[in-house]
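Numbering (the numbering used here), first residue to last: 137 to 582.
In structure tokens, the structure reads:
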């Protein structure tokens, strides 16, 4: 048996079912593991001469130590600062071959990806393997200071100088007080970002950035045998790192109503946010929470949009979302006041909509519309090779099964009006929530 033949290989198929009235598109994938622990997922799509290379590391804000908020995101930036054989950065290489790349950090994972012409698959794999195997060879204080400043400026642009950006960070801090690793959300505080040292960055890399803590998805126009050979060539020699210890941090639970008013120097109109403790990702009742959010404020046809934006016109926009994350998420309803309307006019109609759902539940039509919206979004997403690679890696990272999408969609199809009502009753108590009001700074009354 060949060396590749000794690898454990699992074949799977993801059945994407939208409804009984439409044929389910099928996506075939192949999954195997290198001896160093790297999980590899291959999914062919020859419609366009492109290939997506997508790497997920099971590390995010959840893995940060106290006093190190923003550290996982800072490290993501370090991974684009060049490695031993790729200088000055991967972007310069990709510019020459017509490809593009990016990355992102969330509460529970970090990903990096490229989309390149099919004949440049080897280049993309080389870039990813070099920063996994040789990043520390060129990491120094100068590079770290550049990225500390970049991330600090990103916080200023995306949060401090954006309307309601500080509201989001305050939401994290009220739900996850320090020393919880979700404190200050993913972006982190500027003093803690600036305090990060080279030795701490190196230690973070050695702890979390090994092949045993990563999954690599290759999706698009490629030959599987050649792809397996290239993966072995570029990633096979990289040694496995130590076993990663998953965080065992309890979700802080609200015990009362927390009312707070926040000053926002760049907001023009008031905003009200109602926030509750939510569920963890992939929990049995996660789909019911997503459907509830859609019914409440997920679209122009939602209850809050109809009552507050179109009927009374007290709000310029409304939204609701259920953020299910690894260490315990949250459910949030947001209403932004219309011009000339005050913050005090927002609570009553939001409360009325929630009370009605608790008492009577949603209609069957509302639930079906919300379920179709979710399923359609998933089906459209996997048509793009980059999104498909990301989804395969998501299921692998958190569930160990890239082919979980069929089961996931089945969970949403099974949601009933009674399940949505039960979620509202369980997770949206009136006596345990955050009522966060954001006012333009000049309008804050002392």
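No residue lacks a Cβ here, since even glycine has one placed at the ideal position from N, Cα and C.
Kindly list the residues whose CB is nearer than 7 Å to the CB of residue i, restricted to its own chain and excluding five residues on each side of it in sequence; keep chain order.
i: residue 234; result: 253
i: residue 423; result: 547, 548, 551
i: residue 264; result: 189, 191, 248
i: residue 427; result: 503, 506, 507, 551, 556
i: residue 218; result: 224, 225, 274
i: residue 209; result: 241, 287, 322, 323, 324
i: residue 330; result: 284, 288
i: residue 418; result: 534, 535
From which residue to which residue does the alpha helix (DSSP H) around residue i run?
i: residue 559; result: 553-563
i: residue 546; result: 541-549
i: residue 322; result: Unbroken run through residue 322: none, as it is neither H nor E.
i: residue 423; result: 422-433
i: residue 204; result: First-last for residue 204: undefined, no H or E at that position.
i: residue 301; result: 301-311
i: residue 231; result: 226-233
i: residue 449; result: Taken as a continuous stretch (DSSP letters only), residue 449 belongs to no alpha helix (DSSP H), as it is neither H nor E.
i: residue 484; result: 483-496
i: residue 534; result: 521-535
How far does the beta strand (DSSP E) with residue i in it reach, from first residue to last?
i: residue 409; result: 407-413
i: residue 501; result: Per DSSP, residue 501 belongs to no beta strand (DSSP E); it is in the alpha helix (DSSP H), 500-517.
i: residue 175; result: 175-180
i: residue 193; result: 186-193
i: residue 237; result: 236-241
i: residue 570; result: 569-576
i: residue 441; result: Per DSSP, residue 441 belongs to no beta strand (DSSP E) and is neither H nor E.
i: residue 469; result: 466-473
Give a yes or no on whether the C-beta atoms belonging to residue i and residue j are separated by under 8 Å.
i: residue 244; j: residue 462; result: yes
i: residue 353; j: residue 173; result: no
i: residue 482; j: residue 456; result: no
i: residue 291; j: residue 222; result: no
i: residue 237; j: residue 355; result: no
i: residue 314; j: residue 533; result: no
i: residue 559; j: residue 421; result: yes
i: residue 444; j: residue 485; result: yes
i: residue 194; j: residue 380; result: yes
i: residue 388; j: residue 316; result: yes
i: residue 180; j: residue 358; result: yes
i: residue 367; j: residue 432; result: no
i: residue 414; j: residue 458; result: yes
i: residue 575; j: residue 296; result: no
i: residue 305; j: residue 281; result: no
i: residue 561; j: residue 541; result: no
With distances taken Cα to Cα, identify the nearest neighbour of residue i among the options.
i: residue 164; options: 421, 392, 519, 486; result: 519
i: residue 390; options: 466, 371, 506; result: 466
i: residue 448; options: 433, 477, 456; result: 477
i: residue 191; options: 437, 203, 393, 250; result: 250
i: residue 328; options: 356, 349, 404, 287; result: 287
i: residue 198; options: 377, 384, 521; result: 384
i: residue 337; options: 420, 206, 432; result: 206
i: residue 539; options: 392, 366, 177; result: 177
i: residue 256; options: 364, 372, 185; result: 185
i: residue 571; options: 400, 246, 371, 392; result: 392
i: residue 289; options: 325, 315, 306; result: 325
i: residue 468; options: 474, 460, 335; result: 460
i: residue 395; options: 410, 261, 260; result: 410
i: residue 372; options: 475, 331, 278, 175; result: 175
i: residue 578; options: 515, 403, 564; result: 403
i: residue 586; options: 401, 334, 269; result: Nothing can be reported for residue 586, as the shown portion of the chain is limited to 137 through 582.
i: residue 437; options: 200, 501, 401; result: 501
i: residue 464; options: 553, 304, 386, 203; result: 386
i: residue 171; options: 306, 232, 298, 349; result: 349
i: residue 200; options: 343, 166, 187, 276; result: 343
i: residue 168; options: 430, 537, 334, 553; result: 537
i: residue 196; options: 523, 318, 276; result: 318
i: residue 584; options: 541, 369, 523, 554; result: This structure leaves residue 584 out entirely; the chain is present only between 137 and 582.
i: residue 215; options: 416, 542, 271; result: 271
Once the 5 residues before and after residue i are set aside, which same chain residues still bring their CB inside 6 Å of it?
i: residue 453; result: 472
i: residue 211; result: 340
i: residue 573; result: 397, 408, 479
i: residue 566; result: none
i: residue 412; result: 467, 563, 564, 569
i: residue 311; result: 466
By Cβ distance, which residues of its chain are closer than 8 Å to residue i, with the 5 residues on each side in sequence left out?
i: residue 557; result: 493, 494, 496, 497, 498
i: residue 294; result: 301, 323
i: residue 229; result: 222, 259, 263
i: residue 240; result: 212, 246, 247
i: residue 157; result: Any reading at residue 157 must be qualified, since the residue scores a pLDDT of 41, below 50, and its modelled position is unreliable; the value itself is stated next. So the list is empty, once near-sequence residues are dropped.
i: residue 298; result: 402
Ordered list of beta strand (DSSP E) runs contained in the stretch 250-289, each at least 3 residues: You should have found no qualifying run.
Continuous beta strand (DSSP E) assignments of at least 3 residues falling wholly in the stretch 330-410: Scanning the stretch 330-410 for uninterrupted beta strand (DSSP E) segments of 3 residues or longer gives 350-356, 393-400, listed from N- to C-terminal end.
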